[in-house]
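Here the structure is laid out as structure tokens; the discussion comes afterwards.
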């Protein structure tokens with residue numbers, strides 16, 4: 002009765018059920034344990050496992066490799082590393098390649 006009055010606030014505005022977020026078939030599915038990750042999520046997971054390890058990082062668009070970096074922390078889409086002389090903050094989406102020793106790779110990936 003009240004919602005048809007012209008100057009009354011309507012707490013339930015009409016909506017299109019096809020665009021309502023809970024009915025959207027294009028929402029990302031829930032992740033399950035063996036589901037493949039996208040590149041950025043995989044890189045973040047790898048960097049979390051490499052905390053306090055020494056690695057070399059190739060950053061997209063640079064001509065050199067950042068050598069002897071120790072990973073301090075991974076948060077908010079960036080990795081905080083310690084170089085021999087300074088601390089670096091590198092966006093995860095800009096990291097192209099991570100180089101590590103064979104022993105470290107065997108420990109991280111548990112190869113036999």
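Numbering (our numbering), first residue to last: 2 to 113. Even for Gly, the Cβ is constructed at its ideal location relative to N, Cα and C.
Local Cβ density within 10 Å of residue i, reported as buried at 16 or more and exposed below that
{"i": "residue 103", "result": "exposed"}
{"i": "residue 82", "result": "buried"}
Between the CA atoms of residue j and residue i - distance to the nearest angstrom
{"i": "residue 37", "j": "residue 45", "result": "14 angstroms"}
{"i": "residue 76", "j": "residue 47", "result": "13 angstroms"}
Interface flag, residue i vs chain D, CB-CB below 9 angstroms
{"i": "residue 68", "result": "The chain inventory of the structure shown lacks chain D, comprising one protein chain alone."}
Cβ-based neighbour list, residue i, same chain, cut-off 6 angstroms, excluding 5 preceding and 5 following
{"i": "residue 67", "result": "58"}
{"i": "residue 52", "result": "72"}
{"i": "residue 109", "result": "50"}
Enclosing alpha helix (DSSP H) for residue i [first to last residue]
{"i": "residue 46", "result": "40-50"}
{"i": "residue 107", "result": "103-110"}
Beta-carbon contacts of residue i that lie in its chain and below 8 angstroms, excluding the five residues immediately before and after
{"i": "residue 88", "result": "73, 81 and 82"}
Cβ neighbours of residue i in the same chain (closer than 7 angstroms, five flanking residues each side left out)
{"i": "residue 60", "result": "67, 91, 95, 96 and 97"}
{"i": "residue 41", "result": "93 and 94"}
Continuous beta strand (DSSP E) stretch holding residue i: start and end
{"i": "residue 87", "result": "Premise fails: residue 87 is in no beta strand (DSSP E) and is neither H nor E."}
{"i": "residue 57", "result": "55-60"}
Helix, strand or coil at residue i according to DSSP, with G and I counted as helix
{"i": "residue 95", "result": "helix"}
{"i": "residue 35", "result": "coil"}
{"i": "residue 77", "result": "coil"}
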